[in-house]
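Trainee: Have a look at the structure that comes next, please.
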Amino acid sequence: MSDKNLLLYGDNLDFLRDAAQFPATSVDMIYLDPPFNSNATYNVLFKEVTGQPSAAQIKAFDDTWTWDAKAAQEEAELLADPYTPSKLAALISTLHAFLGPSAMLAYLVRMALRLVHLRRVLRDTGSLYLHCDPTASHYLKLVLDAIFGPQNFLNEITWKRTHAHGSAKRFGPIHDTLLFYAASDKYVWTSPLIPHDPAYVAKHFKQIDDKTKKRFQPITLTGSGVRYGESGKSWKGVDPTRVDRHWAIPGEIMECYNLTGETVQDRLDALDSAGLIYWPKDGEGTPRLKWYADDLKGMALPDVWADIPPISANAAERLGYPTQKPLALLKRVILASSRPGDTILDPFCGCGTAIDAVETLNRECHDKAPRRWIGIDITHLAINLIKYRLTRFDPPARYEVHGEPADEAGAAQLFKDDSYQFQFWACGVVGARPAGSSVTTPKKGKRGADRGIDGARYFADDNTGPKTILVQVKGGKPGAAEVRDFRGTIEREKAAIGIFITLEEPTKPMRQEAATANVYKSPLDKKGASVPRLQIVTISQLLKGGSPRQPAGVLLPPGTDFDRTFKKAERHDAGGLFASPR
33 MSDKNLLLYG DNLDFLRDAA QFPATSVDMI YLDPPFNSNA TYNVLFKEVT
83 GQPSAAQIKA FDDTWTWDAK AAQEEAELLA DPYTPSKLAA LISTLHAFLG
133 PSAMLAYLVR MALRLVHLRR VLRDTGSLYL HCDPTASHYL KLVLDAIFGP
183 QNFLNEITWK RTHAHGSAKR FGPIHDTLLF YAASDKYVWT SPLIPHDPAY
233 VAKHFKQIDD KTKKRFQPIT LTGSGVRYGE SGKSWKGVDP TRVDRHWAIP
283 GEIMECYNLT GETVQDRLDA LDSAGLIYWP KDGEGTPRLK WYADDLKGMA
333 LPDVWADIPP ISANAAERLG YPTQKPLALL KRVILASSRP GDTILDPFCG
383 CGTAIDAVET LNRECHDKAP RRWIGIDITH LAINLIKYRL TRFDPPARYE
433 VHGEPADEAG AAQLFKDDSY QFQFWACGVV GARPAGSSVT TPKKGKRGAD
483 RGIDGARYFA DDNTGPKTIL VQVKGGKPGA AEVRDFRGTI EREKAAIGIF
533 ITLEEPTKPM RQEAATANVY KSPLDKKGAS VPRLQIVTIS QLLKGGSPRQ
583 PAGVLLPPGT DFDRTFKKAE RHDAGGLFAS PR
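Under the numbering used here, think of the first position of the sequence shown as 33, with each following residue one higher.
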């Protein structure tokens with residue numbers, strides 16, 4: 033198995049079944065957010081500002097969770113798979129009788145087959161988080177119980193994914209579920225904490241220390257039950273056994289204040305000398321420990337998460353992907369169940385939030401052994417989005433992409449199989465984001481989807497605002513008319529540059545038409561050089577390492593604050609606009 037970050041295009045089952053690509057026990061943690069929608073086609077909801085679907089709405093993939101010949105075949109494969117536990121086989125047979133050949137059964141069969149192989153590649157110290165909604169969570173829990181064993185179920189985490197809203201004849205659905213399972217009792221757990229609610233501190237830490245003036249709460253220094261060793265002996269006239277208790281000193285307090293003592297009584301003396309013992313003012317009762325609010329490290333995470341809000345409409349991280357999850361949610365999950373150097377797998381990586389979270393943590397934590405990530409998705413749209421998303425990192429994220437066309441024949445076959453996927457892939461080769469209103473510009477607001485635009489990037493080369501690079505992709509046999517139309521689109525959108533990507537070699541009339549778009553001169557280029565405003569680039573050129581000619585400037589990654597970023601642009605000369613995203 034490669035030790036590099038990997039972005040894999042294709043069906044995750046094909047990759048997971050490949051023992052060379054994914055040996056047994058080779059992954060430390062798995063997060064998956066598989067698509068589920070039995071009532072509608074899954075689309076990438078690129079919409080106009082009005083909220084209506086745009087004319088260029090991009091269909092990413094159909095809802096494949098329907099019972100058909102492929103689902104029946106996968107059920108047979110699941111029942112015959114040597115890694116399928118006998119309890120899972122029995123469960124699937126029971127669910128088939130209960131649900132019938134339905135969309136839900138298709139979903140569960142296909143998920144079960146993949147979960148079996150996800151369990152195979154997971155280390156004994158690993159864990160899995162399956163993100164779902166209440167529509168299928170109860171069925172998925174049965175499937176996971178059969179694969180991991182009910183004893184390895186840890187939590188059903190409730191995440192409040194949206195704000196309260198009404199729903200016809202029922203309570204408003206506002207939460208998602210994360211099913212948390214361990215591979216064994218050896219699983220990694222870092223005991224994550226979250227800050228205490230200020231209201232909690234104000235309510236429970238009411239007393240003020242006379243000397244330090246700090247807020248504290250007196251807590252017990254004893255535990256229930258009589259002991260006959262040191263912990264049961266009297267200290268300063270106080271005998272805990274009289275009330276059926278014994279001395280119980282929190283070790284973390286001794287460590288926090290660097291206090292020691294050979295016996296229990298010595299340690300109590302040390303606490304008293306440090307001013308950490310609270311003596312009842314009336315002289316009656318048992319002395320207690322002063323627990324200062326300043327010593328609070330945080331509270332243990334509960335299984336209900338209401339402190340991570342959904343991605344707002346104007347959030348910098350928002351990409352417009354319909355199932356995008358907040359970066360904070362994935363960072364929490366990864367920090368809780370992995371260590372530096374671990375490998376994180378997301379087999380349904382979508383727009384890449386888990387990948388982004390790993391890259392972000394590697395930079396925030398500065399660990400000597402960074403976490404490694406593997407993302408798999410079946411659409412070039414997702415692969416493109418992730419490449420685009422990763423451009424925001426400095427230094428650049430390093431990774432390999434497998435499963436994309438490697439030559440002209442592969443690109444031509446992709447176009448023949450699916451023109452949309454060809455378009456997504458080609459935009460990704462030049463680092464462009466698929467067009468639509470969800471392409472967030474560095475300006476406030478969003479661009480509406482426009483006819484003739486397949487992708488876009490933004491760059492800065494002066495203080496007037498972001499400049500646009502438009503991309504159009506053609507896989508057939510375009511002519512001069514298509515180039516002329518694209519030139520009109522560039523002018524209409526007031527774009528700085530347009531990149532026309534074609535599978536076929538451009539004709540002479542096409543090149544002549546492109547030349548009429550004139551040139552673009554960057555104010556940052558001290559030599560006064562210029563680049564063609566409309567450039568025709570072939571797939572062959574791109575696959576051989578070529579790239580469009582570049583104006584001076586700096587690319588603006590997703591979520592860029594233009595005003596702050598332009599200061600960087602002033603220090604850049606020509607180059608780097610279409611550098612490889614890897």
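Beta carbons: idealized from backbone N, C-alpha and C, even for Gly.
(1) Are the Cβ atoms of R519 and T548 separated by less than 8 Å?
(2) Quick one: grab the DSSP three-state call for K238.
(3) Please report how far the alpha carbon of F185 lies from the alpha carbon of W221, in whole angstroms.
(4) What residue range is occupied by the uninterrupted alpha helix (DSSP H) comprising E615?
(5) Can you tell me whether S34 is helix, strand or coil according to DSSP?
(6) So, for G307: in the same chain, excluding its five sequence neighbours on each side, which residues have a beta-carbon less than 8 Å away from its beta-carbon?
(7) Suppose the cutoff is 6 Å on Cβ atoms and the five residues either side in sequence are ignored; what does the same chain contact list for A72 look like?
(8) Rounded to whole angstroms, what's the CA-CA distance from A280 to T254? Just pull it up for me.
(9) Taking all protein chains shown into account, do 16 or more other C-beta atoms lie within 10 angstroms of the C-beta of C288, making it buried, or fewer, making it exposed?
(10) Considering only C-alpha positions, which residue in the set W457, F532, G283, N495 is nearest to G641?
(11) Any idea if D50 is buried or exposed, counting beta-carbon neighbours within 10 angstroms, 16 or more meaning buried?
(12) Where does E15 land, buried or exposed, given buried means 16+ other C-beta within 10 angstroms?
(13) Verify whether the separation of the beta carbon atoms of Y324 and F380 is less than 8 Å.
(14) Note the first and the last residue of the continuous beta strand (DSSP E) segment covering T190.
(15) What separation, rounded to the nearest whole angstrom, lies between the Cα atoms of Q89 and Y452?
(16) Buried or exposed: where does M331 fall if 16 or more other Cβ atoms within 10 Å of its Cβ makes it buried?
(17) Give me the Cβ distance between R430 and N37, rounded to the nearest whole Å; I'm assuming they're in contact under 8 Å.
(18) Closest by CA to K119, which one among A168, M136, I179, A129?
(19) Counting beta carbon pairs with one atom in the region 54–67 and one in the region 352–368, are three or more of them shorter than 8 Å?
(20) Find out if the Cβ-Cβ distance for the pair L211, L147 is shorter than 8 Å.
(21) Any idea if N44 is buried or exposed, counting beta-carbon neighbours within 10 angstroms, 16 or more meaning buried?
(22) For the pair the region 383–390 and the region 417–435, tell me if three or more CB-CB distances fall below 8 Å.
(23) In or out: S125 buried (at least 16 other Cβ within 10 Å) or exposed?
(24) Per DSSP, which one or two residues make a beta bridge with Y161?
(25) I376: which of T57, L176, M61, G42 sits nearest, CA to CA?
(26) For the alpha helix (DSSP H) containing K265, list its first residue and its last residue.
(27) What's the call for E545, buried or exposed, on a 16-neighbour Cβ count within 10 Å?
(28) What are the start and end residues of the alpha helix (DSSP H) that includes R489?
(29) To the nearest angstrom, how far is the alpha carbon of W337 from that of S169?
(30) In whole angstroms, what separates the C-alpha of V569 from that of D517?
(31) Starting from F248 and walking both ways along the alpha helix (DSSP H), at which residues does that stretch end?
(32) Per DSSP, what kind of secondary structure is T534 in: helix, strand or coil?
(33) Is it buried or exposed, Y41, if we count other Cβ atoms within 10 angstroms and call 16 or more buried?
(34) Closest to H195 by CA distance: which of F491, H207, I418 is it?
(35) From P319 to G293, what distance separates their C-alpha atoms?
(36) Thinking C-alpha only, which one of L160, D113, I340, T98 is nearest L137?
Mentor: In short, the structure shows the following:
(1) yes
(2) coil
(3) 14 Å
(4) Since the displayed the chain opens at 33 and closes at 614, residue 615 lies outside it and no answer follows.
(5) coil
(6) D241, K243, T244, K322
(7) Bear in mind that the predicted position of A72 carries a pLDDT of just 43, short of 50, making it unreliable; the figure below should be weighed with that in mind. Within the same chain, A72 has no close Cβ partners at all.
(8) 5 Å
(9) exposed
(10) Given a span of 33 to 614 for the chain in the structure shown, any question on residue 641 remains unanswerable.
(11) exposed
(12) The shown model of the chain, from 33 to 614, leaves out residue 15, and the question about it has no answer.
(13) no
(14) 185–192
(15) Unreliable positioning characterises Q89 in this predicted model, as indicated by a pLDDT of 34, which lies under 50. A coordinate reading is not provided.
(16) exposed
(17) 6 Å
(18) I179
(19) yes
(20) no
(21) buried
(22) yes
(23) exposed
(24) Y63, F212
(25) M61
(26) Taken as a continuous stretch (DSSP letters only), K265 belongs to no alpha helix (DSSP H), as it is neither H nor E.
(27) buried
(28) Run containing R489: none in the alpha helix (DSSP H); it sits in the beta strand (DSSP E), 487–492.
(29) 17 Å
(30) 17 Å
(31) Counting along the chain, F248 falls outside any alpha helix (DSSP H), though it belongs to the beta strand (DSSP E) covering 247–251.
(32) strand
(33) buried
(34) H207
(35) 18 Å
(36) T98
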